[in-house]
Structure formats: structure tokens, C-alpha cells
Amino acid sequence: MIQLRHVHINLFQKQRVVPQGRAYPFIMKKATIIPIMKPQKDPRSLKSYRPIAFTSRLCKLIERLIRKIVLPAIEKAVQPEQLGFLPRVVYGFTGLMFTGLVLFLFALIIVLGSTVDCLVRLEIQIEQGFHLGKEILAVFLDMTAAFDRVNIPILMAKLRFLKVKPHVLK
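Each residue of the sequence shown is one higher than the one before, counting from 512 in my numbering.
Written out as C-alpha cells, the structure is:
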């Protein structure tokens, strides 16, 4: 009997989640989707529900290993002023929640700075501008359903540019 901790160590030591040249096994891409109703929304509307995907334990283990390989490449590319791309430790816990490898590869957007963090930065910059007698210009964008609109070929090209190994991207 193979213990899971040995599998984890063996996979991680080789820095390979799946054997080189092989794709992520289809059976591990399967998930049970449970719709969870958003608070104070109309239960008759599909937009009132958030899909939660439950995957296997082995799938979650592989997702964590992929994250350990991919995140260092992303950390080098993201500017400190960009919020929402890297994990952040809040009160000793990492703010990472994955519902499946698909979400991870599709979005690669992990909560970094909260709305409050952004507003504090904006307020500081506005105050500095006023003190220096400068004009202030702000642009606000509503990125509704940003996860749904990620262009997968462009995302994969950027990950290849960041030197993420091809077998990890399959």
C-alpha cells in the first residue's frame, strides 16, 4: 500500500506533476458541481447561484503541486501595484481557494489585495496629489465575470513566455 505522503514527496521532488509529455488525466478533471445560492438573491434566477466544484483528493494534491511550480514564474512578472494576482497571507492563513484545476489555469487570479486595500492606496495618492497641487484622474472598471472571459490561448502563451514547463501546462 502506498501512502499519500510518499506520493506527494516523490512527485514534488521530481518537480513534475504528471510524467513529462503526458496530459493531466481526464478522470481527474471531473468534478461534482454544487450550486450554492448567493445571499439575498432570487432563488428562481440562475445568476443567483455560485457553482462550487468538488474534485478528488489526488486532484487537489496535483493542483497544489502545479501551484508551487507556476506561482514563482508569475511572482516575477507581476508588478507590486497590481492587485489580485498573487496569494496573500491574512492573519496567518493563505487566501487561496481552488475549486478545480480548470479555475486555476483559466484565471490565475488569486485574491491579493482587498477592495479596502485598493481604496486606501487611492486615498493616499489623492491626498498626496492635493498637497502637491496636482490634478487627480481616476478610472474605475467593473470587471464583471472576468474569470469567464479569460482567453485561454493567450494565457497559455504568457505562461510559456514565463518559462513554465510545457508538461505542466498540458
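Positions of the beta carbon are idealized from the N, C-alpha and C atoms, including for glycine.
Those residues which DSSP pairs with residue i across a bridge
{"i": "Phe-672", "result": "Beta-bridge pairing links Phe-672 to no other residue."}
{"i": "Arg-632", "result": "In DSSP, Arg-632 forms no bridge with anything."}
For residue i, the first and last residue of its enclosing beta strand (DSSP E)
{"i": "Pro-546", "result": "543-548"}
{"i": "Arg-561", "result": "560-565"}
Cβ-Cβ distance between residue i and residue j below 8 Å
{"i": "Ile-580", "j": "Val-679", "result": "yes"}
{"i": "Ala-542", "j": "Val-675", "result": "no"}
{"i": "Leu-643", "j": "Ala-588", "result": "no"}
{"i": "Ile-547", "j": "Ile-563", "result": "yes"}
{"i": "Leu-633", "j": "Ala-649", "result": "yes"}
{"i": "Ile-647", "j": "Ile-663", "result": "no"}
Rounded Cβ spacing between residue i and residue j (contact assumed at less than 8 Å)
{"i": "Lys-549", "j": "Tyr-560", "result": "7 Å"}
Residue range of the unbroken alpha helix (DSSP H) whose run includes residue i
{"i": "Leu-582", "result": "568-588"}
{"i": "Leu-652", "result": "Leu-652 -> no alpha helix (DSSP H), and no H or E assigned at all."}
Residue i (DSSP reduced to helix, strand or coil)
{"i": "Leu-643", "result": "coil"}
{"i": "Pro-664", "result": "helix"}
{"i": "Thr-610", "result": "For Thr-610, the pLDDT reaches just 38, beneath the cut-off of 50, and the residue's location in the model is therefore unreliable, although a value from the coordinates is still provided. The answer is coil: DSSP assigns Thr-610 none of H, G, I, E or B."}
{"i": "Asp-553", "result": "coil"}
{"i": "Val-601", "result": "Residue confidence is low: Val-601 scores 37 on pLDDT, short of 50, so the model does not pin down where it sits. No coordinate-derived value is stated."}
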